[in-house]
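Student: Please read through the structure below; I'll follow up with questions.
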Amino acid sequence: MSAWESWQLSERAGRAQAVLALIFLILGGAFFKAQVVDGAQFRLASEGSRLRPIPLPAPRGEIFDRNGLLIAENVPGYSIRLLATSEDSLRSVLDRLRAFVPADSVNVEKVVRRWTATKYEPVLVFASGEFGIVSTLEEHRAAIPGLVIQAEPSRRYPDSTAVAHLVGYVSEVSERELESGNFPNARQGEVVGKNGLEVEYDSILRGRQWIRYVEVTAKGRTIRDRGVSGSIRPQPGASIKTTIDLPLQRFVDSMWRAALPGKNGALLAMTPQGEILAYISFPSYDPNDFVGGIDAPTYSLLANDPNRPLFDRVIQATYPPASPWKLATAAMGLRRGLVTMDTRMRTPCTGGFQFGNRNFRCWKRDGGHGSLTLSQAIATSCDVYFYQLGLMLDRDPLLDDGASMGFGERSGVDLEREKAAGFPTVKSYIRKSGGTSWSKGELLNLAIGQGRNVQTLVGMTSFYAALATDGVRRAPFMVRRRTAAKTWDLGLKPDQLQGLRSALAAVVDMGTAAASGGRELKVAGKTGTGQFPPQKDLGWFIGYAPADAPKIVVGIVVEEGLHGSSVAGYVVNAIGKFLGQPVAGARILVTEDTTTVVGDSTPRAPLATPRDTGRRGTRP
């Protein structure tokens, strides 16, 4: 063999050795990763026939008011699950379990459906078991194979009914919700937000679940706890701070229960910038009833109650806006240059307005208001003045301006299920009228907040917040304003805004809310009485204070039997509470047939009921 051939052979042998060394190095690295790095995971997988994963919910983020007071908190609780190897064994164990708990508290078919969806996991029976049930089951554990009782946080709302509609509640995610994808990464049996802030900010409040493994026998009996998988770390939910002023929230809730028992309605308070301070809807419900699953009898009572306690009257109810709407009509006339604050109408108020062959009444039928400026018409809530202003605006400008001010849309508040306000367009009016042409009489109704015009309390209150500030409507919010929220410019000049504010202050100083006690606080606002089916009175008042430098805007609507001037005092009380200036003057108390001012022993007769003939105006 030549020297050249010997060198080539040696070179090839060296390369082969290098390749073999590299192969052994790769195999050694893979072996190290499998045995050391991923050993725990492979061991769990290999023992899958004996190990069962138990999802452990991460603590849900808490909800605080603007000063750090708790609105929603977590308290110690227990979940109850069952390990089962077949549907028959599951049903058998459920029958045994029902012997130790109220029989109607276990929905067997629902539990079976859960088990079918995740056969290798313990199936949830109770998301939030009461301590008494847990104690009983622990005592009889030997008779219930596969029983898994796990300590985990449970939701609690300390102020219960006082915060129900704003905070909402949590409950187990439903099969339909899992299929819809509304709750990404949620698992069967997991608790999610179902209403209010709980659902609006669920993705922030809900953390990432843990996974705990237990070793079981072939029959499902637990042998030992194998702990939490190192690869699946818990991630607690983040807490949120709201704009709510909890002491004010409690105050208005107590005030309503004491002064307006049995009355349906809502009250909303916010800063002029849109930060919601108080939010109540009556009647209410206890959100704690839904945590862990509400029982059928309790839910049936709520769902079938004719007063609809689950209905949120702040954002879902739409009402005729009545006289508070007159500020919108006034704003339309001002922005179009049709009137100034000193403009008087051609026809003075004599108690009614003849239009064609119909008489449209003013709420003050005995003698009327006479000749008024726009400022005076707002203060006295004269219907005749605004009938004529509606005719001056005419159809298209009035409808276009209403749309540009946002009166046919949602306010954009950071809560789901808000209902859009109802304000007509030309096309929608003709469609709903069955193809008939527009009637100019509709203008008169729209101008005073009646007719085909319904608004939400949150929408009207945000409109008054715009009047109190820079003339721009912004979406109210309790945590943060939605990034896609719209704004609506009222199109008013600074002097026009100031003119409207002065007129609103006169409502409380000498107009329709003069008995409310608001002078001391420099409250500006507007009363209103509308009607909603079937011919029931509806009382409004929306006000802000102090009139010269507003810090709070409050709106109230009370269904059935109360006039706007009768509910103004409750807004004044709420404003006084927030400003730290309790009202020492008159406060209105309401009975079924009289309105009485505290400190004044002279009863005031209720406003007369309109006759059936002719058109009625809106009461102040």
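Numbering (my numbering), first residue to last: 622 to 1241.
Cβ coordinates follow ideal geometry from the N, Cα and C atoms, glycine included.
#1: Work out the CA separation of Glu1030 and Ala1041 for me, nearest whole Å.
#2: Would you give the residue range spanned by the alpha helix (DSSP H) that Tyr1006 belongs to?
#3: Tell me the DSSP secondary structure of Tyr1113 in three-state form.
#4: Between which residues of its own chain and Thr1212 is the CB-CB distance below 6 Å, once the five residues before and five after are set aside?
#5: Taking all protein chains shown into account, decide if Phe721 is buried (16 or more other Cβ within 10 angstroms of its Cβ) or exposed.
#6: What does DSSP give as the partner residue(s) for Thr994 in the beta ladder?
#7: Quick check: the Cα distance between Gly689 and Pro930, rounded to an integer number of angstroms?
#8: Pull the bridge partners of Asp1021 from the DSSP assignment, please.
#9: By the DSSP assignment, the alpha helix (DSSP H) with Gln870 in it spans what residues?
#10: What is the DSSP secondary structure of Ala949, counted as helix, strand or coil?
#11: Give the DSSP bridge partners of Gly1201, in chain order.
#12: In angstroms with no decimal places, state the Cα-to-Cα distance between Arg762 and Glu793.
#13: With three or more C-beta pairs closer than 8 Å as the rule, is the segment 1063 to 1082 touching the segment 914 to 923?
#14: Note down, in chain order, each residue of its chain lying with its Cβ closer than 8 Å to the Cβ of Glu798, except the 5 sequence neighbours on either side.
#15: Whole angstroms are fine: how far does the CA of Ile754 sit from the CA of Asp686?
#16: Assuming Asn925 is part of the beta strand (DSSP E), what are its boundary residues?
#17: Please report how far the alpha carbon of Gly1138 lies from the alpha carbon of Val1193, in whole angstroms.
#18: Using C-beta distances below 7 Å, list every residue in its chain close to Met1254, excluding the 5 sequence neighbours before and after it, in chain order.
#19: With a cut-off of 8 Å on the beta carbons, I'd call Tyr778 and Ala880 a contact; round off their distance for me.
#20: Pick from Asp1035, Val1047 and Arg829: whose alpha carbon is nearest that of Val935?
#21: Does Pro927 pass the burial test, meaning 16 or more other C-beta atoms within 10 Å, or should it be called exposed?
#22: Measuring CB atoms only, is the segment 1107 to 1117 touching the segment 947 to 965, in the sense that at least three cross pairs come out at less than 8 Å?
#23: Just the Cα atoms here: how many angstroms apart are Pro908 and Gly991?
#24: Per DSSP, which one or two residues make a beta bridge with Leu768?
#25: Using the three-state DSSP reduction, which class does Glu1030 fall into: helix, strand or coil?
#26: Using 8 Å as the threshold, is the segment 1187 to 1203 in touch with the segment 884 to 902, meaning 3 or more CB pairs across them?
#27: Can you check DSSP and say which residues form a bridge with Thr1108?
#28: Note down, in chain order, each residue of its chain lying with its Cβ closer than 6 Å to the Cβ of Phe1007, except the 5 sequence neighbours on either side.
#29: My understanding is that Ala1000 touches Ala1166, with C-beta atoms under 8 Å, so please give their C-beta distance in whole angstroms.
#30: Whose C-alpha, out of Arg734, Val788 and Ala952, is nearest the C-alpha of Glu683?
#31: Please tell me whether Leu768 and Leu704 are closer than 9 Å, where the distance is taken between their beta carbons.
#32: Pull up the distance between the alpha-carbon of Lys609 and that of Ala1086, whole angstroms please.
#33: Kindly list the residues whose CB is nearer than 8 Å to the CB of Glu759, restricted to its own chain and excluding five residues on each side of it in sequence; keep chain order.
#34: Going by Cα to Cα distance, which pick from Phe1044, Arg734, Ser1025 and Arg833 is closest to Thr939?
#35: Can you tell me where the beta strand (DSSP E) with Met891 in it begins and where it stops?
#36: What does DSSP give as the partner residues of Asn695 in its beta bridges?
Tutor: Taking the geometry as given:
#1: Here residue 1041 corresponds to residue number 420 of the sequence shown, with the count starting at 1. Here residue 1030 corresponds to residue number 409 of the sequence shown, with the count starting at 1. Answer to the nearest angstrom: the Cα atoms are 5 Å apart.
#2: For the purposes of this step, residue 1006 is identified with residue 385 of the sequence shown, where counting begins at 1. That run of the alpha helix (DSSP H) goes Asp1004 to Leu1014.
#3: The count along the sequence shown starts at 1 and reaches residue 1113 at position 492. Contrary to the premise, residue 1113 reads as Leu rather than Tyr in this sequence. Reduced to three states, the DSSP call for Leu1113 is coil.
#4: Counted from its first residue, the sequence shown places residue 1212 at position 591. Low local confidence applies: a pLDDT of 27 at Thr1212 is under 50, so the model's placement there is unreliable, with the coordinate-based value given in what follows. Closer than 6 Å at Cβ, skipping near neighbours: no residue.
#5: Position 100 of the sequence shown, counted from the start, is the residue given in the question as residue 721. Around the C-beta of Phe721, fewer than 16 other C-beta atoms lie within 10 Å, and the residue is accordingly described as exposed.
#6: Position 373 of the sequence shown holds residue 994. Bridge partners of Thr994: Arg965.
#7: Translated into the one-based positions of the sequence shown, residue 689 becomes position 68. Translated into the one-based positions of the sequence shown, residue 930 becomes position 309. About 28 Å.
#8: Position 400 of the sequence shown, counting from 1, holds the residue named residue 1021. Answer is none; Asp1021 lacks a bridge partner.
#9: For this step, residue 870 is matched to residue 249 along the sequence shown. Residues Leu867 to Ala880.
#10: Position 328 of the sequence shown, counted from the start, is the residue given in the question as residue 949. It is helical.
#11: In the sequence shown, residue 1201 corresponds to position 580, counting from 1. BP columns for Gly1201 are empty, so no partner.
#12: Against the sequence shown, residue 762 aligns to sequence position 141. Against the sequence shown, residue 793 aligns to sequence position 172. Spanning the two alpha carbons is a distance of roughly 25 Å.
#13: Under the three-pair Cβ rule at 8 Å, the segment 914 to 923 does not count as touching the segment 1063 to 1082.
#14: To locate residue 798, count along the sequence shown from 1; it is residue 177. Closer than 8 Å at the Cβ level, and outside the excluded window around Glu798, lie Phe804, Ala807 and Val813.
#15: Translated into positions along the sequence shown, residue 686 becomes position 65. Translated into positions along the sequence shown, residue 754 becomes position 133. If you take the alpha carbons of Asp686 and Ile754, they lie about 33 Å apart.
#16: Translated into positions along the sequence shown, residue 925 becomes position 304. From DSSP, Asn925 is part of no beta strand (DSSP E) but of the alpha helix (DSSP H) over Ala917 to Asn925.
#17: Here residue 1138 corresponds to residue number 517 of the sequence shown, with the count starting at 1. Here residue 1193 corresponds to residue number 572 of the sequence shown, with the count starting at 1. Because the pLDDT of Gly1138 is 48, which lies under 50, any placement of that residue in the model is unreliable, and the number read from its coordinates should be weighed accordingly. For Gly1138 and Val1193, the distance between alpha carbons rounds to 7 Å.
#18: Within the shown structure, residues of the chain are numbered from 622 to 1241, placing residue 1254 beyond reach of any answer.
#19: Within the sequence shown, numbered from 1, the residue matching residue 778 stands at position 157. Within the sequence shown, numbered from 1, the residue matching residue 880 stands at position 259. So it is not a contact: roughly 24 Å between Cβ atoms.
#20: Translated into positions along the sequence shown, residue 935 becomes position 314. Out of Asp1035, Val1047 and Arg829, Asp1035 has the C-alpha closest to the C-alpha of Val935.
#21: As a position in the sequence shown, residue 927 is number 306, starting the count at 1. With fewer than 16 Cβ atoms within 10 Å of its Cβ, Pro927 is classed as exposed.
#22: Touching, per the Cβ criterion.
#23: As a first step, residue 908 must be located in the sequence shown, where it is residue number 287. As a first step, residue 991 must be located in the sequence shown, where it is residue number 370. Using only the alpha carbons, I get a separation of about 52 Å.
#24: Your numbering for residue 768 matches position 147 in the sequence shown. DSSP, once it has assigned bridges, lists Leu703 as partnering Leu768.
#25: Within the sequence shown, numbered from 1, the residue matching residue 1030 stands at position 409. It is coil, neither helix nor strand.
#26: yes
#27: If you number the sequence shown from 1, residue 1108 lands on position 487. In DSSP, Thr1108 forms no bridge with anything.
#28: On the sequence shown, residue 1007 is found 386 positions in, with the first residue counted as 1. Correct list, in chain order: Lys947, Thr950, Ala1068 and Ile1069.
#29: By 1-based counting over the sequence shown, the position of residue 1000 is 379. By 1-based counting over the sequence shown, the position of residue 1166 is 545. About 17 Å separates the two Cβ atoms, so there is no contact after all.
#30: Counted from its first residue, the sequence shown places residue 683 at position 62. Looking at the Cα atoms, Val788 is the closest of the given residues.
#31: Reading the sequence shown from its first residue, position 147 is the one you call residue 768. Reading the sequence shown from its first residue, position 83 is the one you call residue 704. Result yes, Cβ atoms of Leu768 and Leu704 sit closer than 9 Å.
#32: In the structure displayed, the chain extends from 622 to 1241; residue 609 sits before or after that span and is not available.
#33: Within the sequence shown, residue 759 is the residue found at index 138, counting from 1. Excluding sequence neighbours, Glu759 sits near Ile770.
#34: As a working note, residue 939 is residue 318 in the sequence shown. For Thr939, the nearest C-alpha among the options comes from Phe1044.
#35: For the purposes of this step, residue 891 is taken as the residue at position 270 of the sequence shown. Segment Gly886 to Met891, the beta strand (DSSP E) holding Met891.
#36: Within the sequence shown, numbered from 1, the residue matching residue 695 stands at position 74. Paired residue(s): Arg776.
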